[in-house]
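Residue numbers (my numbering): 13 to 267.
(1) According to DSSP, is residue 245 part of a helix, a strand, or is it coil?
(2) Need the endpoints of the alpha helix (DSSP H) that residue 181 sits in, please.
(3) Taking the alpha carbon of residue 30 as the point to measure from, which residue in 165, 87 and 15 has its own alpha carbon closest?
(4) Using only the alpha-carbon positions, how far apart do residue 109 and residue 119 sit?
(5) State yes or no: is the C-beta of residue 213 within less than 8 Å of the C-beta of residue 205?
(6) Use the C-beta contact count for residue 169: other C-beta atoms within 10 angstroms, 16 or more gives buried, fewer gives exposed.
(7) Using a Cβ-Cβ cut-off of 6 Å (strictly less than) and excluding sequence neighbours within five positions of residue 266, which residues of its own chain qualify?
(8) Would residue 153 be called buried (16 or more neighbouring beta carbons within 10 Å of its own) or exposed?
(9) Identify whether residue 81 lies in helix, strand or coil by the three-state DSSP scheme.
(10) Please state the DSSP three-state secondary structure of residue 73.
(11) Within a Cβ cutoff of 6 Å, which residues of the same chain sit near residue 225, ignoring the five residues on either side of it in sequence?
(12) Exposed or buried, residue 143, counting other C-beta atoms within 10 Å across all chains shown (16 or more means buried)?
(13) Between the segment 45 to 59 and the segment 250 to 264, do at least 3 Cβ pairs fall closer than 8 Å?
(14) Hey, residue 255 and residue 156: beta-carbon distance below 8 Å or not?
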């Protein structure tokens, strides 16, 4: 049981460690570096959507053969619709022409926290499903390897929440807290799946694709315009490429 406990909390520790990188960031960050952060976040989220979410969603339905894409398709479309609806019905505290840059920044930041949290939930459930197998006699080494792999992948995900927040003027402690909170759902999802594995595991492919759809909408609507919308789009483009490649390598080698 002790191994299961630590295995469930290991991915959350990865997110918290990534969020702690904010304590090593300089207070004053140039606009070009902020563009780079936004591009990096977009790259990480795009790669995570493909390798951590959509591909596993399809692979988990391999027995459907030529129709294995259906759960991924349905979950993806629902995720897209969910996030677009959330944006449409979000409370408008002030008229658009009166909205300050700080208020707009917080709106975008909350969307990022939301989609990273949505992404972490099915990952936590995947860990819970693996350790449910351990309780049924499967080797624990495979489940621990999965947990460690997700923990390493979560490091940049924690950083893409806390570092842009601090770059925009949020205090380090508060930026760190936001990054940590985005990973809280992982041990909760893992524990819930471990207890209710006979109910939760069959819907995991849909949840994986749901998170992918939500993440990619935020990338397209919020992050890329910030990263590449200025006169000089190179920092955002370079950040996107680096974030995508780093997350792709982590997902493929550790997934």
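Just so you know, even glycine gets a beta-carbon here, dropped at the ideal spot from N, CA and C. Here the structure is a predicted model, which means the values were calculated and not measured.
In brief:
(1) Position 233 of the chain shown, counting from 1, holds the residue named residue 245. The answer is coil: DSSP assigns residue 245 none of H, G, I, E or B.
(2) To locate residue 181, count along the chain shown from 1; it is residue 169. That residue, residue 181, is in no alpha helix (DSSP H); it is neither H nor E in DSSP.
(3) As a working note, residue 30 is residue 18 in the chain shown. Of the listed residues, the one whose Cα sits closest to residue 30 is 165.
(4) Reading the chain shown from its first residue, position 97 is the one you call residue 109. Reading the chain shown from its first residue, position 107 is the one you call residue 119. Because residue 109 carries a pLDDT of 44, less than 50, the predicted location of this residue cannot be relied on, and no value is offered for it.
(5) The count along the chain shown starts at 1 and reaches residue 213 at position 201. The count along the chain shown starts at 1 and reaches residue 205 at position 193. Contact flag set, yes.
(6) Translated into positions along the chain shown, residue 169 becomes position 157. Residue 169 should be labelled buried.
(7) One-based indexing of the chain shown puts residue 266 at position 254. Within the same chain, residue 266 has close Cβ partners 161 and 164.
(8) Taking the first residue of the chain shown as position 1, residue 153 is located at position 141. So residue 153 ends up on the exposed side.
(9) Stepping through the chain shown from its first residue, residue 81 is reached at position 69. DSSP places residue 81 in coil when its eight states are reduced to three.
(10) The residue labelled residue 73 in the question sits at position 61 within the chain shown. Coil.
(11) To locate residue 225, count along the chain shown from 1; it is residue 213. Once the five neighbours on either side are set aside, the close Cβ partners of residue 225 are 88, 91 and 92.
(12) Locating residue 143 in the chain shown gives position 131, where the first residue counts as 1. The residue in question, residue 143, is buried, as its Cβ has 16 or more Cβ neighbours within 10 Å.
(13) yes
(14) Against the chain shown, residue 255 aligns to sequence position 243. Against the chain shown, residue 156 aligns to sequence position 144. Not closer than 8 Å, so no.
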